[in-house]
Structure formats: C-alpha cells, structure tokens
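Counting from 1 along the sequence shown, just add 3 to a position and that's the residue number in my numbering. In what follows, a single structure is set out as structure tokens and then discussed.
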Amino acid sequence: MVYIMRKHLNFLKVGFIILILLTTTLSFVPSVSAEKFFQFDSMLTLDYTAEAVNEAVFQPDGPSVSIPINIKYQVFVPESFIKNPALRLIFLQTFIITNAQIKLTVVDPPDWAAISLANPNPYVPIATETQETTTTLQIAAHKDAPAQGFSLRILAETDPVLNGHVPSQEAYLDIQFQPGYIPLINVYTEKPNIVVSPQETVNFPIEITNLGNKETIVRARITDKPDGWATLLPQSQIIIPSARESGDNTDTLTFSVTPPYGFGWHNELETITLEFTPEFSPPQGGGNASAFIGSPVQFQITLRNRGFSTPGYEFILVLAAIGIILFVGRKRRKFQDL
C-alpha cells in the first residue's frame, strides 16, 4: 500500500515537473511559433436597426439623431483552455484573461455633419460564447447638409488577445441616411414697377435662386391679373441645382405682359401676382409627398400707365371737340357782325 502511494506521489511529481518544464519552454518559444501551433479565430460583428434610421429626421441645423449600435464578439478557443487554469497556462501562457477592447472609428465623415460616438472604445469579455455591448452614434446635420442619401461607414477593430493566440479582428458597418430637404428659394426682378403704354408689351426677367440643400423644381403660375390683359409665362417650371451641387444656383425666366387698349388713365395702376413653389427633384410620391414641397412664394409686379389716354371712343370726343370749337367760332362771328 505504501509502495502504491509512493508510486502515485512520484507520478504526480514527475507530472508537475513536466508541466513546469513545458510551460517554461513555451514561454521562451517565439510568439510566431506559438501562434503557429495554437492560433484561434474570432468573430466581430456590428449591426443597427435600419427601421429606426429610416424613421428618424436628419433635419439640417436641427437636433442630433442617436443611432444605437450593437457589437458582438466571440473567440473560438476550446472552452477548457479558458476555464482550466492549467490548460490556460500550458496552451495560452497566461493566468489572467482580460477583456477585449473594441476600437470604433468613423471612416471619412462628411464635412456637412457633426458625427461622434458616445463610447468609441467599449470593452467586452473574452469568451467562447457571444458577448455583446452597445454604443451610440450621434449625427447632427449642418445647415448646408445636402438632401441626398449618404452611406456612413463605421470601422471596428480589436487587438490580438489571449497572449496573441487570437489575432486582431475588424468589421465594418455601413449606415444609410439622408438629411432632410429644405425647400427655400428667392425670387427677384430688377424692376418690379414699370411704366407702360396701352398695347405695349413689356418683359420682366425674373431671377430665381435655389437657397435649399438639393436640386429643386420651381413651379410657376399666374394667380391674379386684371381682366383683358395678355400675359405670357413660357415656362411653367424650371429645375435649379443647389449651391453645393453646382456653383450656379440661379436661373431666369421671362414673364411678358401687354395691357389692353383702354389702359391709359392718368396714374392708373395694375398689379399682377405670380406664384413660385419649390419642390424636391425628382418629384416624390407616396404619403409623405407634402414633406418634399415648400411653401409657395408670392411675387407681385406693378404697371403704371404712361399718361392720359382715352379708351376706344376718343375719336368721337375729338369730333365733338372740333364741333364745339366750330360752333363757338361761328357764334363769335355772328356777334361781331352785329
């Protein structure tokens, strides 16, 4: 019995010595050799809720939008290597397992938005089961943010873990979003008030500037004019790029008007009203189409007559005036004869 116990004790001593020698040997083996024999894979993924982003309003110069980002990390190492200290020491050459740091970076952020991560360096436990953590992406569109779809890329990286036996890992996440549309235009003409004669056609060059953040359709129409006046608006709509899309964000259309023959009384004034409505280009359908149409801009021009004139029957008045002159002259001669 004593012999058997001594035999087992000797066996344990030998095993312990072998363990120490093996551990010591592995600790001196270059890392490349260790990784060659004991190298394991890992998984790193990022995801977000696309529906939440689609429902969010990225209004230029408005409040920031928060987007939760879910991070998952897992190592494919035998579970016994993680939980058994002896095996961990033999195969991974480490006693303590620390957490893995996830390094998050926004790749090439646009200059028209303020973009930040609430926690750009979260930590997750190192385990054979999937470990999760979250962070929040903040997006605040500037005033000049274009109303166009944009793909924002997030890069996630880890350093090697478990004494280099699990190499570094990286993952990408692309988030699609679009700043809101600002339908804003300015309407201008150099001479909104013109003196005109009856039956004289005058032209008003009207400059329209797109002050919004996207190519815009401007629809034009005449909403009020005097009866009997001839008006011509050759273009009912024009398409104007934004200043960010093109250096020239102004276009000109010409409005022509001809007063009737009877427009000639002294200081007579008439006003014509035009309406210009900005709209997202190309036109959007669906239930939210109204969000892509701006408020109509009312624009008025005034026409003043050049001087006194008589409508149509002036020939009769002229004949009457001549008759009166002849009558007075004849009476005067008769009075002189007497």
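Just so it is clear, CB atoms sit at the ideal spot from N, CA and C, and this is done for glycine as well. Predicted, not measured: the structure shown is a model, and the values here were computed from it.
Quick one: Cα of residue i to Cα of residue j, how far?
i, j, result
"R309", "G215", "40 Å"
"L235", "R247", "32 Å"
"P128", "R156", "25 Å"
"T52", "Q303", "49 Å"
"V80", "V60", "44 Å"
"K194", "F207", "8 Å"
"G231", "G250", "41 Å"
"T137", "S119", "14 Å"
"S284", "F295", "9 Å"
"Q141", "A148", "15 Å"
"T212", "P163", "56 Å"
"W115", "V78", "39 Å"
"N270", "I327", "28 Å"
"F266", "T276", "18 Å"
"Y264", "F258", "20 Å"
"T253", "I243", "7 Å"
"T280", "N196", "23 Å"
"K146", "T274", "36 Å"
"T161", "T131", "16 Å"
"V198", "V205", "9 Å"
"P237", "V190", "17 Å"
"Q42", "I99", "18 Å"
"Q96", "N122", "31 Å"
"P201", "V68", "60 Å"
"G167", "T133", "20 Å"
In the DSSP assignment, what residue or residues form a beta bridge with residue i?
i, result
"Q172", "T161"
"E54", "In the DSSP output, where bridge partners are listed per residue, E54 has none listed."
"A89", "DSSP, once it has assigned bridges, lists no residue as partnering A89."
"I209", "L256"
"E278", "R224 and Q301"
"R307", "V198 and L272"
Which of helix, strand or coil does DSSP assign to residue i?
i, result
"S119", "strand"
"I2", "This structure gives no information on residue 2, because the portion of the chain shown stretches from 4 to 341."
"N189", "strand"
"F84", "helix"
"F283", "strand"
"R247", "coil"
"L236", "coil"
"L24", "Residue confidence for L24 is low, a pLDDT of 46 falling below 50, so the modelled location carries little weight and cannot support an answer."
"P33", "Because P33 sits at a pLDDT of 46, beneath the cut-off of 50, its placement in the model cannot be relied upon, and the point is left open."
"V60", "coil"
"Y79", "For the sequence presented, residue 79 should be read as Phe rather than Tyr. Reduced to three states, the DSSP call for F79 is coil."
"S293", "helix"
"F94", "helix"
"T133", "coil"
"K217", "coil"
"A103", "strand"
Contact check, residue i vs residue j under 8 Å by CB: the rounded distance?
i, j, result
"V221", "I241", "5 Å"
"A150", "Q179", "Going by Cβ atoms, the distance from A150 to Q179 rounds to 14 Å, so no, they are not a contact pair."
"L90", "S83", "5 Å"
"N73", "E135", "6 Å"
"T139", "I70", "7 Å"
"Q62", "G152", "About 16 Å; that fails the 8 Å criterion."
"S245", "A223", "With 8 Å as the limit, S245 and A223 do not qualify as a contact, their Cβ atoms being about 19 Å apart."
"P1", "G65", "No statement about residue 1 is possible, as the shown extent of the chain runs from 4 to 341 and does not include it."
"L107", "A55", "Actually they are not in contact, since the Cβ atoms of L107 and A55 sit about 19 Å apart, beyond 8 Å."
"T305", "L272", "6 Å"
Could you check if residue i is buried or exposed, using at least 16 other CB atoms within 10 Å of its CB as the buried criterion?
i, result
"L49", "buried"
"N57", "exposed"
"A233", "exposed"
"P88", "exposed"
"A103", "buried"
"K86", "exposed"
"A144", "buried"
"P286", "exposed"
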